[in-house]
Amino acid sequence: MAELTKIESKIGEVTGLAMAAQAATKKVSGLAKKEHPELVSRLEKMHDEAAETERRCTELAGTFEGKKTAILEEARTTKGKGADMMSTYLDEDSDALDGFEFLTMAEAGEVGHWSVLKALNKKAGSAEIRQLVAWALPIQQSHLRGVTETSLELASEDDPNAPA
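Just so we're aligned: the sequence shown equals residues 511 to 674 in my numbering.
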């Protein structure tokens with residue numbers, strides 16, 4: 511398999527995070543729908559945006575001659591790490607707040623990875639990467655703000671003295 515540069519590897523990572531985000535939003539939707547059905551449409555929108563991010567990233571990966579397979583393998587590895595984190599953090603006792611706390615961590619990671627890709631591309635100067643980052647980073651920042659706000663709203667509804 512082709513050896514990847516740092517920027518190609520980072521493209522694989524953000525692709526994998528988009529894949530993992532689709533699974534995470536689906537899982538958290540399941541946690542939220544019973545107690546907080548009003549949150550499901552927001553999670554579905556995030557899921558759809560993650561799917562579009564994956565599509566655009568995969569399209570970009572195809573522009574690196576002889577590297578698409580390796581970039582997508584990096585993506586699958588990253589997706590697997592995200593799935594491991596999710597299964598560790600969210601168990602059968604998890605509720606909507608737990609789900610949104612997990613999404614807060616996950617979205618912060620996505621914002622960080624997209625920001626690093628942007629920084630790497632300052633030297634690389636790829637117009638295609640610049641366009642993708644300009645599209646994706648604001649979406650990820652919006653997701654982070656949204657899940658953080660929702661976590662805080664859900665926490666404010668909780669009884670802090672109730673048994674964990």
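From the three backbone atoms N, C-alpha and C, an ideal C-beta is built for every residue, glycine too.
- In the structure shown, Asp601 adopts coil according to DSSP, grouped into three states.
- The segment 518 to 530 makes contact with the segment 582 to 594, as at least three CB pairs between them are under 8 Å.
- Below 8 Å, too few C-beta pairs join the segment 559 to 568 and the segment 626 to 633 to call them touching: fewer than three.
- In chain order, Val538, Val657, Thr660, Ser661 and Leu664 place their CB closer than 7 Å to the CB of Phe610, counting only its own chain and leaving out the 5 sequence neighbours on each side.
- Annotation: the continuous alpha helix (DSSP H) that includes Met529 extends over Lys516 to Glu545.
- Contact between the segment 533 to 551 and the segment 578 to 585 is absent: fewer than three C-beta pairs spanning the two stretches fall below 8 Å.
- Secondary structure at Gly619: helix, using DSSP grouped into helix, strand and coil.
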